[in-house]
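Under the working numbering, the residue at position 116 of the sequence shown is numbered 131, and the numbers go up by one with no gaps. Cβ atoms here follow ideal geometry from the backbone N, Cα and C, with glycine treated the same way. Keep in mind that this is a model prediction, so the values were computed, not measured. See structure below.
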Amino acid sequence: VYTPLKRISSTNTLVGAIPGAIPPMIGWTAAGGAFDGGAWFLFTLLALWQLPHFVAINWLCREEYESAGYKMWSDGDVSGRRSGMLAAMFSIGLAVLPVWPWLAGWTPGWLGHVALAGGVLAGLLMAALAGRFMRDGERTSFRRLFLFTLLYLPLELGLLAIAWG
16 VYTPLKRISS TNTLVGAIPG AIPPMIGWTA AGGAFDGGAW FLFTLLALWQ LPHFVAINWL
76 CREEYESAGY KMWSDGDVSG RRSGMLAAMF SIGLAVLPVW PWLAGWTPGW LGHVALAGGV
136 LAGLLMAALA GRFMRDGERT SFRRLFLFTL LYLPLELGLL AIAWG
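The following block contains the structure:
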């Protein structure tokens, strides 16, 4: 579904985030975790993270995607305003997501508070970087967003691994 959808609709990115998030969920379950809320949290984190990450890649390489005939969110978005807004919205979702394991009691104690604060701050920083790009449309701003998406995931997963009770 994902590959043929690239030439039909820009929703291919949303659809592609699903199979991209399934392998970590399988790994969670195979490592002895139940197919439970923790598995679904990991799936949600990976699916949601892929969106601002790919929005950044997509905008930076938009000419190549357009010449290949792919329908992408960045089509016609020369200013980057739409791409920046999408990345900011998904990043705000990432800023809210760390509340889930904290409320579920999976990240107890002071380390849980550190993971919560670190995850929220990292998501807000990503949203701020996306907002900066949305305002100025500079390639360097979007490159900063892209580089931060590369740092975000190991940072968030590291905080969760340390705090997970």
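Residue environment, PRO67, which counts as buried when at least 16 other CB atoms sit within 10 Å: Around the Cβ of PRO67, a 10 Å sphere holds 16 or more other Cβ atoms; the residue is buried.
With 16 other Cβ atoms within 10 Å as the buried cut-off, status of SER156: Per the 10 Å Cβ criterion, buried.
Where the alpha helix (DSSP H) containing LEU112 begins and where it ends: Counting along the chain, LEU112 falls outside any alpha helix (DSSP H), and DSSP gives it neither H nor E.
DSSP-derived helix/strand/coil call for ARG159: In this structure, ARG159 counts as helix in the three-state DSSP scheme.
Cβ neighbour criterion (16 or more within 10 Å) applied to PHE50: The residue is exposed, with fewer than 16 neighbouring Cβ atoms inside 10 Å.
Span of the alpha helix (DSSP H), counted from its first residue to its last, around GLY42: In this chain, the alpha helix (DSSP H) harbouring GLY42 covers 27-45.
Contacts around SER24, its chain only, beta-carbon distance under 8 angstroms, and the 5 residues preceding and following it disregarded: For SER24, where only same-chain residues beyond five positions count, the Cβ hits under 8 angstroms are LYS86.
Among ARG147, ALA54, VAL111, nearest to GLY95 - alpha-carbon criterion: Of the candidates ARG147, ALA54, VAL111, the one whose C-alpha sits nearest the C-alpha of GLY95 is ARG147.
CA-to-CA distance, LYS21 to ASN27, given in whole angstroms: Distance between the alpha carbons of ASN27 and LYS21: 5 angstroms.
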